[in-house]
Amino acid sequence: MTNKKIKMVQYGTKHGHAQGVLEVILNNPNVNFVGVFEPDKKRIGQLKKIKNSIWNKVNFLDDKSFLNDSSIVAASCEGSNIESLNFTEELITNNKHVFYDKPGGNNKKQFSKILRLAKKQNNLLQLGYMFRDHDGFEKILDLSRSHLIGDIFQIRAHMSTKIPEKNPEGMLTGKEGISSFKGGIFFDLAGHMIDQIISILGKPERAFSFLKPNENIKNLPSFKDNTLGVLEFRNALATIEITASEINPLARRFEVYGTKGYIILEPFEPAKKLKLYLENDENFYKKGINIIDLENRPRYKKSFECFIDNIINNSNPKRSLEHEKIVQEILLSCIENNLLVS
């Protein structure tokens, strides 16, 4: 282990999580932050006009010379969904460790190529699925693996959102921006839930979806806004429900059902309680309903801390490159196998 700080940059600013991730980076004591590279000069101007913004506290890099600087060993990739896969390929090609905000692009072949190169060069490539270090999801994973609720036969994940029809200035995070992707809002968000489901049940045998447009959005008649993904395992089914038109507060919910009990997490944020229901007394838990208190952790912070610790200690990440590959493959397979295609 070394006390030397990790020099890193942020590549891109158009991802919906870009500002939140930047704040976490700047507050990490083990990081020497060099600056932000945003290829769109107009976007830089927009960011600099935001008063009292974190964007006015960082250095914007003039060019891509950071790619050839071997002293800069890591980067966060915070480009839009259209940009981020190419940005990540540039970073890995130039031997950087990458904190890559979700999802992993819409080109399976290119993503697999990047993963192979990362493995060959011993680079970390960590997808920024923000619930990986969520206290509730960590406890669900531990309880599921302990066999406390028996054999799991069903998981239901509901993770909807509410986003505007028009893109915010300089970004592609509105419905019109996400509509350029075949899977619509499912492409943007479902990876969060697929990541959790695969951690519990492994790789599914089949993946398909029902991706329905929202005909009430007159300007975006093909935008997939009412979506359902289905993952089929040998002895279980998992369903993922995603829409972009839910009202606030969002009713996000994750349910795991087994032969001896079930687990329910609701809401995701702020994390408050986990409900565990058991058929019989088990270990420290009683028969019936058990309420488990949760720590409400800030987004990105622990995941990014783990990323930096893995670099400093040359240790293995919580999710392997093979796991990242499977999550992305299943996300894209769901979208390709849309049973509502006319």
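Position one of the sequence shown corresponds to residue 13 (the working numbering), numbered consecutively onward. Virtual Cβ for every residue (Gly too), placed ideally from N, Cα, C. The structure presented is a predicted model; accordingly, all values stated were derived computationally and were not measured.
Out of the options, which has the shortest C-alpha to C-alpha gap to residue i?
i: His-170; options: Asn-231, Ile-347, Phe-280 and Val-110; result: Phe-280
i: Lys-26; options: Ile-190, Ser-221 and Pro-261; result: Ile-190
i: Ala-30; options: Asn-260, Pro-41, Leu-288 and Arg-55; result: Arg-55
i: Val-85; options: Leu-59, Pro-51 and Lys-108; result: Lys-108
i: Asn-106; options: Tyr-112, Asp-113 and Ala-130; result: Ala-130
i: Glu-101; options: Leu-184, Ile-126 and Thr-255; result: Ile-126
i: Val-46; options: Pro-225, His-159, Gly-32 and Lys-69; result: Lys-69
i: Ile-152; options: Val-21, Tyr-269 and Glu-291; result: Tyr-269
i: Glu-307; options: Asn-325, Asn-292, Leu-277 and Ser-92; result: Leu-277
i: Leu-79; options: Leu-73, Leu-103 and Ile-66; result: Leu-103
i: Asn-134; options: Asn-328, Gly-195, Phe-222 and Leu-59; result: Asn-328
i: Gly-182; options: Ala-250, Leu-243, Leu-59 and Asp-154; result: Leu-59
i: Lys-132; options: Leu-333, Ile-347, Ile-212 and Leu-97; result: Leu-333
i: Ile-197; options: Lys-63, Glu-317 and Ile-252; result: Ile-252
i: Ser-211; options: Leu-288, Ala-250 and Leu-97; result: Ala-250
i: Lys-120; options: Lys-337, Asn-350 and Leu-351; result: Lys-337
i: Asn-322; options: Ser-65, Phe-220, Gln-138 and Pro-51; result: Gln-138
i: Lys-299; options: Ile-259, Ser-172, Glu-244 and Ile-161; result: Ile-161
i: Val-43; options: Ile-175, Ile-18 and Ile-66; result: Ile-18
i: Arg-16; options: Trp-67, Lys-76, Ser-83 and Lys-61; result: Note on residue identity: the sequence assigns Lys, not Arg, to residue 16. Comparing Cα-Cα distances from Lys-16 to each of Trp-67, Lys-76, Ser-83 and Lys-61, the minimum goes to Ser-83.
i: Leu-344; options: Gly-116, Ser-315 and Phe-49; result: Gly-116
i: Ser-315; options: Arg-331, Leu-213, Leu-262 and Ser-96; result: Arg-331
i: Thr-185; options: Ile-94, Ile-342, Gln-340 and Glu-217; result: Ile-94
i: Lys-76; options: Phe-49, Gly-241, Asn-231 and Met-20; result: Phe-49
i: Lys-178; options: Ala-248, Ala-256 and Glu-244; result: Ala-256
Could you give the residue range of the alpha helix (DSSP H) that holds residue i?
i: Asp-200; result: 197-213
i: Ser-156; result: 147-157
i: Gly-189; result: 187-190
According to DSSP, is residue i part of a helix, a strand, or is it coil?
i: Phe-165; result: strand
i: Gln-58; result: helix
i: Lys-236; result: strand
i: Met-13; result: Confidence at Met-13 is low in this model, with a pLDDT of 43, below 50, so the placement of that residue should be treated as unreliable; the coordinate-derived value is given next. It is coil, neither helix nor strand.
i: Ile-259; result: coil
i: Asn-350; result: strand
i: Gly-32; result: helix
i: Gln-22; result: strand
i: Lys-125; result: helix
i: Leu-97; result: helix
i: Phe-78; result: helix
i: Glu-267; result: strand
i: Ala-248; result: coil
i: Lys-174; result: strand
i: Gly-91; result: coil
i: Ile-364; result: A query on residue 364 cannot be resolved here, the shown segment of the chain reaching from 13 to 354 and no further.
i: Ile-66; result: helix
i: Leu-160; result: coil
i: Glu-359; result: Nothing about residue 359 can be reported from this structure: the residues present for the chain run from 13 to 354 only.
i: Leu-103; result: helix
With respect to the beta strand (DSSP E) encompassing residue i, which residues constitute its N-terminal and C-terminal limits?
i: Asn-44; result: 43-49
i: Ile-229; result: Here Ile-229 belongs to no beta strand (DSSP E), and DSSP marks it neither H nor E.
i: Val-110; result: 109-112
i: Leu-139; result: 137-139
Between residue i and chain C, is any beta-carbon pair separated by less than 8 Å?
i: Tyr-297; result: This model lacks chain C altogether; it includes just one protein chain.
Could you give the uninterrupted runs of the alpha helix (DSSP H) lying entirely in the stretch 270-347, keeping only those of 4 residues or more? Secondary structure within the stretch 270-347: the alpha helix (DSSP H) runs of 4 or more consecutive residues, fully enclosed, are 313-325 (chain order).
Three-pair Cβ contact test at 8 Å for the stretch 85-100 versus the stretch 110-130: Judged by pairs of C-beta atoms under 8 Å, the stretch 85-100 touches the stretch 110-130, as three or more such pairs exist.
Counting beta carbon pairs with one atom in the stretch 188-204 and one in the stretch 236-245, are three or more of them shorter than 8 Å? Contact holds: three or more Cβ-Cβ distances are below 8 Å.
Taking three-plus beta-carbon pairs below 8 Å as touching, is the stretch 129-147 in contact with the stretch 302-318? With a cut-off of 8 Å on Cβ pairs, the stretch 129-147 is in contact with the stretch 302-318, counting three or more such pairs.
For the pair the stretch 287-303 and the stretch 194-207, tell me if three or more CB-CB distances fall below 8 Å. No contact exists between the stretch 287-303 and the stretch 194-207.
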